[in-house]
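Quick note: the sequence shown uses the numbering used here, first residue 108, plus one each step.
Cβ atoms here follow ideal geometry from the backbone N, Cα and C, with glycine treated the same way.
For clarity, every value in this text was computed on a predicted model and none was experimentally measured.
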Amino acid sequence: MSEEGAAFCTQLLHASLSTGPSTLDAALVERLKSDDALSSMLAALGQAYPELMGPLLHERDAYLAWSLKDSGGDTLRFSDLVDNMNKREVKEARRSAALTRLAVELVLGTAAFAAWQFYVSAGAP
Numbered sequence: 108m109s110e111e112g113a114a115f116c117t118q119l120l121h122a123s124l125s126t127g128p129s130t131l132d133a134a135l136v137e138r139l140k141s142d143d144a145l146s147s148m149l150a151a152l153g154q155a156y157p158e159l160m161g162p163l164l165h166e167r168d169a170y171l172a173w174s175l176k177d178s179g180g181d182t183l184r185f186s187d188l189v190d191n192m193n194k195r196e197v198k199e200a201r202r203s204a205a206l207t208r209l210a211v212e213l214v215l216g217t218a219a220f221a222a223w224q225f226y227v228s229a230g231a232p
């Protein structure tokens, strides 16, 4: 382990064993959730321990790749994400389905109107 790695581990151990009062409040937790907090922490870590940034980023990328693969995201295609909205076949299928629905509604509407006309002309009670 390099000197920087040992110093980093020492600082982490010291910080985890310190028994000072916790000064975390809700506002601080919300600020830590933002991307800016993570970016500034990584920037400060990179300045303090430049040799450790490479392995840490490699581990982060390996974890992200593993979690993406574990979730099934490795089989996703861009067209899966946009629901094939731009494919000609999909557009034609939707147009055909809409025309079919329109034709069915016209037939049913005409039949209902004819039945109503027959009922009215027969002298409804």
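Straight across, the Cα-Cα distance linking Arg138 with Leu149 is about 15 Å. Secondary structure note for Tyr226: its alpha helix (DSSP H) is the uninterrupted segment 195 to 228. The C-alpha of Tyr170 lies about 17 Å from the C-alpha of Leu145.
Following the DSSP letters along the chain, one finds Gly161 inside the alpha helix (DSSP H) bounded by residues 157 to 177. DSSP places Leu139 in the helix class (H, G or I) of the three-state scheme.
In this structure, DSSP gives Ser146 a helical state, which the three-state scheme calls helix. DSSP, reduced to helix, strand and coil, places Leu152 within a helical segment of the structure shown.
Collapsing the DSSP output to three states places Leu120 in a helix. Distance from the CA atom of Glu110 to the CA atom of Lys194, rounded to whole angstroms, is 57 Å.
Collapsing the DSSP output to three states places Thr182 in a helix.
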